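First up is the structure itself, then whatever we jot down about it.
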Amino acid sequence: MPESWSDNWLSWDFAKLAFEIFSLYISASEIPPQDLRELVDKSYSPAVFRSPQVTPLVRLDSKEQLYLLELFHGPTFAFKDVALQFLGNLFEYFLVRRNKGRETEDREHLTVLGATSGDTGSAAIYGLKGKSDVSILILHPHKRISPIQEAQMTSVLDENVYNFALKADQGEQGASFDDCQDLVKAAFGDVDINHTHKLAAVNSINWARILAQISYYFSAYASLRRSDTSGTSKVRFVVPTGNFGDVLAGYFAKRMGLPIEKLVIATNSNDILNRFWKSGSYEKQPTHGKQAKGGFPEDGVKAHEDGVKETLSPAMDILVSSNFERLLWFLAYDVLGSGSEEQRRKTAGEKVKGWLDDLKSQGGFSVPQSVLEAAKEDFESERVSDDQTLAMIASTYSEESPAATSDASKGTTGLTHKGKYILDPHSAVGVHVARNSLHHAPDIVHIALATAHPAKFSAAVQEALKGEDDFEFDNLLPDQFVGLEALERRLTILDKSKGIEGFKKEIRSRVPRSK
Ligand SMILES: *Cc1c(COP(=O)(O)O)cnc(C)c1O
């Protein structure tokens, strides 16, 4: 942390913290400070985030040891809003600046393109809707995302928003997420379409997204220090993890000097990261106990052909984590590098490339013991099954929660009015791991990241709480979700058999071209 922050930063609000953190990585010549401050204020204003603290910290236990960091107060009720609201404003800022003084026909126009299995697509659409000089086109597998997610995306009628759904070749069946991903990749690699449309990505390896996510680690810590008189020094963050973007931001916060004792990775049955931290091997398929393709029959979860398992926390259903290679780079740099800065960078780059090549050609790789040990200094991990997820939603609900005395109105927290906390399945994976971690580190304050509002993943929540007499799902539903599924929608259905040419044709006939 820069010396100039001293202890003052503990009193900064979310927007000020975000601004100061972004300023460390975005030079004033790239974005003048005053403009950056405006971008941040616009992204985290009360018009966008329903909580005045943006990402409020609430206490879950009576011992002041377990807190939840609620990241779901943005427009789509999941944590990806925190990054994508800022990213949307950033795209618009650069384009409008470049196009200053140009006539309509001469304006550069960006088409942000992405495939989604649910959460990223909706957060990207809400981040970019209505922005100048930029369109957003999101492709999802037809009828294979949750009804709420589909309604959330397709009911956005702004002119610059394009929802495409990919249908499989036969009948009304939807194609798979991978089919969508393949088509989007093909478009990025296609010379013709890049000639008429300037394409840009919003995937989880986008650096601006990671940067934006660093803010809430700082704001959570500051908020804890303000409310806590015992002088808490170090904390643990527990992070429900899929593509490793969220927890990577925590790692950067730690490297910047935030007193994080450990980052705890919580995975569902798609547990490649947990297996890595246990063994030092990063393998698409577990080599031990492997039975049918997909492994782990004891979970009772469905495995797709490529090995990805369908769980109750679908936003974490991944085979390999796309941001993990960034951590590998730092580990290789710290542990295996030697000599000059340049040599260390070179070594790190070569090592990571070798590992990723093995991942591609052999399905996995192992790191030296020293690298694994370094990884364990900053991180721990645990894997959580669907049954444990449901049990955690139920047991947290049946406890009186001090969090209930905080800002408990509908839609602004995940609470019911009866003083009981309702976790969404992703957050429950994290809380399960946090409660276990508290057993062996009882003196350390734990902050578990709550990544989605429970109403967004209603099936799992209802399943977990079906035995509770006083649970009424409708009490949980934020106003924004009431009647959502009946709203007017706009959607283009695409046949998989038409391939990339069909996709290009639809893009050309609908989305404005770039100069
Ligand atoms: C995306 C997402 C995650 C996983 O975050 P990563 O950055 O991919 O690790 C967890 N929970 C929810 C609700 C999400 O949308």
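Numbering (full-length UniProt numbering), first residue to last: 1 to 515.
The beta-carbon is built from N, C-alpha and C at its ideal position, and this holds for glycine as well.
Since the structure is predicted, the reported quantities are computational estimates derived from the model, not experimental observations.
How would you write the range of the alpha helix (DSSP H) that residue i sits in, first residue to last?
i, result
"S514", "Here S514 belongs to no alpha helix (DSSP H), and DSSP marks it neither H nor E."
"G114", "Here G114 belongs to no alpha helix (DSSP H); instead the beta strand (DSSP E) covers 110-115."
"H440", "425-440"
"S219", "207-227"
"E20", "14-25"
"S458", "458-464"
"T389", "386-398"
"E92", "80-98"
"V40", "33-43"
"V335", "324-335"
"Q181", "177-188"
"I318", "Where I318 is concerned, there is no enclosing alpha helix (DSSP H), given that its DSSP letter is neither H nor E."
"A123", "119-128"
"L476", "473-476"
To which residues of the same chain is residue i closer than 7 angstroms at the C-beta, ignoring the five residues directly before and after it?
i, result
"V82", "T55, L71, G74, A212, Q213, Y216"
"L90", "L39, A208"
"E298", "Residue placement at E298 is poorly supported in this model, since its pLDDT is 48, which falls under 50; the coordinates are not used for a value here."
"G430", "V238, V239, P240, A266, A448, L449"
"S122", "T76, Q149, Q152, M153"
"R37", "F19"
"P147", "E485"
"C180", "A115, L139, H140, P141, L166"
"F473", "S458, Q462"
"A476", "The sequence given here places Leu at residue 476; Ala does not occur at that position. Only T416, I422, P454, A455 meet the Cβ criterion."
Is residue i buried or exposed, if buried means 16 or more other CB atoms sit within 10 Å of its CB?
i, result
"G295", "With a pLDDT of only 43 at G295, under the threshold of 50, the placement of this residue in the model should not be trusted; the figure read from the coordinates follows. Burial call: buried."
"E283", "buried"
"K185", "exposed"
"K515", "exposed"
"T104", "exposed"
"V161", "buried"
"residue 516", "This structure does not reach residue 516, given that the chain is present from 1 up to 515, and the question cannot be answered."
"P454", "buried"
"E380", "buried"
"G354", "exposed"
"G510", "The question names Gly, yet the displayed sequence has Arg at residue 510. Classification of R510: exposed, given that the 10 Å Cβ count is below 16."
"N8", "exposed"
"E399", "exposed"
"L423", "buried"
"S219", "buried"
"S117", "buried"
"Y25", "exposed"
How far does the beta strand (DSSP E) with residue i in it extend, from its first residue to its last?
i, result
"E283", "281-283"
"D495", "492-495"
"E382", "379-383"
"K198", "198-201"
Which residues in the same chain have their Cβ closer than 6 angstroms to the Cβ of residue i, if we skip the five residues on either side of it in sequence?
i, result
"Y333", "R344, A348"
"V156", "I125, K129"
"D495", "K167"
"F324", "F244"
"G280", "S366, V367, L372"
"V202", "V112, G114, A124"
"L84", "A123, A124, G127"
"F276", "Y282"
"V335", "S370, V371, A374"
Just grab the DSSP bridge partners of residue i for me.
i, result
"I136", "V112, V161"
"R59", "Y67"
"P141", "L166"
"residue 562", "Nothing about residue 562 can be reported from this structure: the residues present for the chain run from 1 to 515 only."
"F365", "Y282"
"H446", "L66, R236"
"K262", "R236"
"K309", "A303"
"A452", "A78"
"Y251", "DSSP, once it has assigned bridges, lists no residue as partnering Y251."
"T267", "R383"
"G174", "K167"
For residue i, which residues from the same chain have a beta carbon less than 8 angstroms from its beta carbon, with the 5 sequence-adjacent residues on both sides left out?
i, result
"L319", "N270, I272, K284, D306, G307, V308"
"S437", "R236, V238, V264, E380, E382, H446"
"I500", "L183, A186, A187, D190"
"E310", "V301, K302, A303, H304, D317"
"V96", "S132, D133"
"A253", "I214, Y217, F218, I260"
"M1", "W9, M256, G257, L258"
Practice item. Determine, using beta-carbon pairs with one atom in the segment 464-471 and one in the segment 482-495, whether at least three such pairs fall under 8 angstroms. Key: no
Review point. Can at least three beta-carbon pairs, one atom from the segment 376-393 and one from the segment 355-368, be found at a separation below 8 angstroms?
Key: no
Review point. So, do the segment 253-264 and the segment 339-348 have three or more beta carbon pairs nearer to each other than 8 angstroms?
Key: no
Point to revise | Any 3 or more C-beta pairs closer than 8 angstroms across the segment 5-22 and the segment 192-200 | key: no
Review point. Does the segment 104-120 touch the segment 132-147, meaning 3 or more C-beta pairs lie closer than 8 angstroms?
Key: yes
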